[in-house]
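Q: Numbering (this note's numbering), first residue to last: 19 to 351.
Heads up, the beta-carbon is just placed ideally off N, CA and C, and yes, glycines get one too.
Here it is: the structure, laid out below.
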Ligand SMILES: Cc1cc2nc3c(=O)[nH]c(=O)nc-3n(C[C@H](O)[C@H](O)[C@H](O)COP(=O)(O)OP(=O)(O)OC[C@H]3O[C@@H](n4cnc5c(N)ncnc54)[C@H](O)[C@@H]3O)c2cc1C
């Protein structure tokens, strides 16, 4: 199924998820129903899809009509229009939905000031890991990018002022990277998109909403095959300015690298946390001994290791909120 992304506020406002038989199924999986966290809702929908309790196109439905079509139109004008553009009546009818990936919780390891292990490289926003743990709360994606974008700017300015002189670039490294980027221009042109679709399918099927070791190892093989095939696909054109096919090729190579890193990390983590759900290891494991997984590309290939989570403000099970407030926050998620 393809289409557009619907905002979580629809579930928060009272939207109901119905399967192909129009049964409101989320309460079969969680007492909070549609207001459970996004990972739980994704797994609920996915479970219905596996049981073939689906709409004609293989998804489920979201229904808002019981809240009053005029009310829905007034509260969610953007969503109503977006659904209409895809041929659905959100205010009065049923809209077909499926889970999808719309955020990357992992990212480059940074310190609180956005510095990375590589001097002079700063990473902020969705590309930086660690801000959200295993499960981002709604709204915190934009907040993260905005706040840490500002922090990165301040930090870079302060660091540069402390430097005696700007470093000379390493010409050897630059030459090697230019050579790597120009690879597809030396190969016979072919289509990039079928490989991109193949990667999408492999990650959805084998490293998606519910994961197993067997599935992910199959996924790793598929990603390796796609990476290998990509090196035989060339891009036409001598003029590199605005050569979007070349950009697609470069993006796909990065997507293959990231897919490999995600899969290796997911195979190594034998417990389930937030968006990472292992059917073969459904327990969340010892929260006090929480760790995060670090994947590095070293001289001897890709390496996976664990780093302990240091609870500097609160430990699992504790809160810094005044009594009575946690419930409010959970409901707003
Ligand atoms: C459909 C959808 C709905 C979302 N809804 C919400 C929400 O309701 N609330 C919320 O908090 N978060 C939401 N998010 C998440 C949030 O939007 C993102 O996490 C956030 O926008 C990321 O900002 P960023 O600046 O870190 O990265 P981006 O916004 O991805 O910016 C990265 C920029 O870098 C550019 N770029 C990439 N490669 C290169 C290159 N090689 N050279 C130069 N430029 C390059 C890209 O074109 C892009 O402009 C949503 C995400 C999606 C996809």
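#1: Just to check, is the beta-carbon of residue 260 closer than 7 Å to a non-hydrogen atom of ligand 1?
#2: How would the residue list near ligand 1 read, in chain order, if you kept each one whose beta-carbon is closer than 5 Å to any heavy atom?
#3: Helix, strand or coil, according to DSSP, for residue 316 in the structure here?
#4: Residue 146 bridges to which residues according to DSSP?
#5: Excluding the five sequence neighbours on either side, which residues of its own chain have a C-beta within less than 7 Å of the C-beta of residue 60, listed in chain order?
#6: Going straight from the alpha carbon of residue 331 to that of residue 313, what length do you get?
#7: Is it buried or exposed, residue 346, if we count other Cβ atoms within 10 angstroms and call 16 or more buried?
#8: Can you list, in chain order, the stretches of the beta strand (DSSP E) that have 3 or more residues and sit fully within the segment 251-333?
#9: So, helix, strand or coil for residue 114, using DSSP?
#10: Output the boundary residues of the alpha helix (DSSP H) element that contains residue 35.
#11: Spatial neighbours of residue 287 within its chain, please: CB distance less than 7 Å, with the 5 preceding and 5 following residues excluded, ordered by chain position.
#12: Please report how far the alpha carbon of residue 119 lies from the alpha carbon of residue 152, in whole angstroms.
#13: Assess contact between the segment 62-72 and the segment 28-40, defined as three or more Cβ pairs (one per stretch) separated by less than 8 Å. Is contact present?
#14: For residue 204, collect the residues of the same chain with a Cβ closer than 8 Å to its Cβ; drop the 5 residues on either side in sequence, then sort them by chain order.
#15: Please report the distance separating the alpha-carbon of residue 115 from that of residue 57.
#16: Relative to the C-alpha of residue 169, which candidate in 209, 289, 284 and 130 has its C-alpha closest?
#17: Nearest-angstrom Cα distance between residue 301 and residue 232?
#18: Could you tell me the distance, in whole angstroms, from the CA atom of residue 99 to the CA atom of residue 113?
#19: If we ignore side chains and look at the alpha-carbon of each, how far apart do residue 351 and residue 41 end up?
#20: May I ask you to report which of helix, strand or coil DSSP gives residue 87?
A: In short, the structure shows the following:
#1: Incorrect: residue 260 has no Cβ contact closer than 7 Å to ligand 1.
#2: Listed along the chain, these residues meet the criterion: 23, 120, 143, 144, 157, 159, 160 and 163.
#3: Looking at residue 316 - three-state DSSP - the assignment turns out to be strand.
#4: Looking at the DSSP assignment, residue 146 forms a beta bridge with 126.
#5: If the five residues before and after residue 60 are omitted, its C-beta is found closer than 7 Å to the C-beta atoms of 117 and 227, all from its own chain and listed in chain order.
#6: Roughly 26 Å between the two C-alpha positions.
#7: Annotation note: pLDDT 49 at residue 346 (below 50); position unreliable, coordinate value reported separately. Exposed, by the Cβ-count rule.
#8: 309-316 and 319-326, all fully within the segment 251-333.
#9: Assignment of residue 114 by DSSP, reduced to helix, strand and coil, places it in the strand class.
#10: No alpha helix (DSSP H) contains residue 35, which is instead part of the beta strand (DSSP E) from 34-36.
#11: So the list reads 294 and 311, once near-sequence residues are dropped.
#12: Residue 119 and residue 152 have their C-alpha atoms roughly 14 Å apart.
#13: With the cut-off at 8 Å, the segment 62-72 and the segment 28-40 touch.
#14: Beyond the five residues adjoining it in sequence on each side, residue 204 comes within less than 8 Å, by CB distance, of 252 in the same chain, given in chain order.
#15: Going from the Cα of residue 115 to the Cα of residue 57 covers about 15 Å.
#16: A check of alpha carbon separations from residue 169 across 209, 289, 284 and 130 identifies 130 as the nearest.
#17: Looking at the two C-alpha atoms, the distance is approximately 18 Å.
#18: If you take the alpha carbons of residue 99 and residue 113, they lie about 12 Å apart.
#19: A caution first: residue 351 carries a pLDDT of 36, below 50, which makes its placement in the model too unreliable to give a value.
#20: Of the three classes helix, strand and coil, the one that applies to residue 87 here is helix, per DSSP.
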